[in-house]
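Start counting the sequence shown at 10; every next residue gets the next number (the working numbering).
Backbone N, C-alpha and C fix where the C-beta goes; we use that ideal spot for every residue, glycine too.
Just so we're clear, the structure is a prediction, and the values are computed from it rather than from any experiment.
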Amino acid sequence: MFKGQASTILRDGAGYGSYFLAYEWLVQRHIRVNNVKREDISPLWAVTYGAAAGFALWFSIYPVDVIKSKLQTDSLDPAKRQYKGIVDCGLKTWRAQGWRGFTGGLGPTLLR
10 MFKGQASTIL RDGAGYGSYF LAYEWLVQRH IRVNNVKRED ISPLWAVTYG
60 AAAGFALWFS IYPVDVIKSK LQTDSLDPAK RQYKGIVDCG LKTWRAQGWR
110 GFTGGLGPTL LR
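Below, the structure is given as structure tokens:
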């Protein structure tokens, strides 16, 4: 029931931190450059900044998301599991596929 929980917490903490940091930086830049108040930012800009912040979220955490998914789909039988934990999964993925092992599916995720 809790398979991959530690990697999920790591992913969500870092990811949402990146999201809100990017969004707030873009909003504050807009306020400074255009000399407007926060409530004067158009909905179109707010949505655009939200989308950009979403890119920041996924770029910052995608490798951890890959590890989380591998841990969650690993066998329920401890004797048949491929990975012992987060670090083991990351090392085995790196050894088998290099950096590409952590980026497969990133394009469709960003399009979504």
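How would you label residue i, buried or exposed, when you count the other beta carbons within 10 angstroms and need 16 or more for buried?
| i | result |
| --- | --- |
| I76 | buried |
| G99 | buried |
| A1 | Not covered by the structure: residue 1. The range shown for the chain is 10 to 121. |
| L35 | buried |
Rounded C-beta distance between residue i and residue j? I'm assuming under 8 angstroms.
| i | j | result |
| --- | --- | --- |
| S3 | S27 | Absent from the structure is residue 3, since the part of the chain shown begins at 10 and ends at 121. |
| R20 | V73 | 4 angstroms |
| G114 | T102 | Incorrect: roughly 13 angstroms between the Cβ atoms, too far for contact. |
| G13 | L119 | Wrong, their Cβ atoms sit about 22 angstroms apart, outside the cutoff. |
| Y92 | D83 | 6 angstroms |
Measuring CA to CA, which of the options is closest to residue i?
| i | options | result |
| --- | --- | --- |
| L66 | L115, P117, G13, Y25 | Y25 |
| N33 | N43, R47, G22, A23 | The sequence as given places Glu at residue 33; Asn does not occur at that position. Comparing Cα positions, the closest option is R47. |
How far does the alpha helix (DSSP H) with residue i in it extend, from its first residue to its last?
| i | result |
| --- | --- |
| T70 | Sequence check: residue 70 is Ile here, not Thr. Where I70 is concerned, the enclosing alpha helix (DSSP H) stretches over 52 to 82. |
| D97 | 95 to 106 |
| F3 | No information on residue 3 is available, as it lies outside the stretch 10 to 121 that the chain covers here. |
| Q37 | 14 to 43 |
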